[in-house]
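Input: a single structure, listed below in structure tokens.
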Amino acid sequence: MSRDTGFTEPFNKDRNTTLPHPDADTSGNASIQASGILRSSPTNKQRQPFHNKVGNLVHEEMEKLEESRLHAKQSVIQNKILENSEALEVQEPEEGGSTKN
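Next up, the structure:
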């Protein structure tokens, strides 16, 4: 017997393996009454502190990544400056070198 639950069945394409609760009213006229629905009050802040902590951790990790990126960029720039300054160094002639007559 196949029942349409409104959800796709990921496990079996031939039949629906989603089982209804034994006390469920599966008739065509069944509906959920308002008394069966839990209402969440807007003053319920139980989850907010956890989310704030997660948000802060993500923010801290992003700051660390940005600091690492900037440090790496500065290192590359310093290396290029050092390479350029070495390339521009003028070597003085050695003493006792050959002279033209």
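In this note's numbering, the protein residues as written are 103 to 203. Just so you know, even glycine gets a beta-carbon here, dropped at the ideal spot from N, CA and C. These numbers were taken from a predicted model, which means no experiment stands behind them.
Asked                                                                                                                               : Found
In its own chain, which residues sit with a C-beta less than 8 Å from the C-beta of S133, not counting the 5 before and 5 after it? : none
Per DSSP, what kind of secondary structure is L121 in: helix, strand or coil?                                                       : coil
In angstroms, rounded to a whole number, what distance separates the CA positions of F189 and N181?                                 : The residue you asked about is not Phe; residue 189 is Ala in the sequence shown. Near 12 Å, if we compare the C-alpha coordinates of N181 and A189.
From E168 to I183, what does the alpha carbon distance come to, in whole angstroms?                                                 : 22 Å
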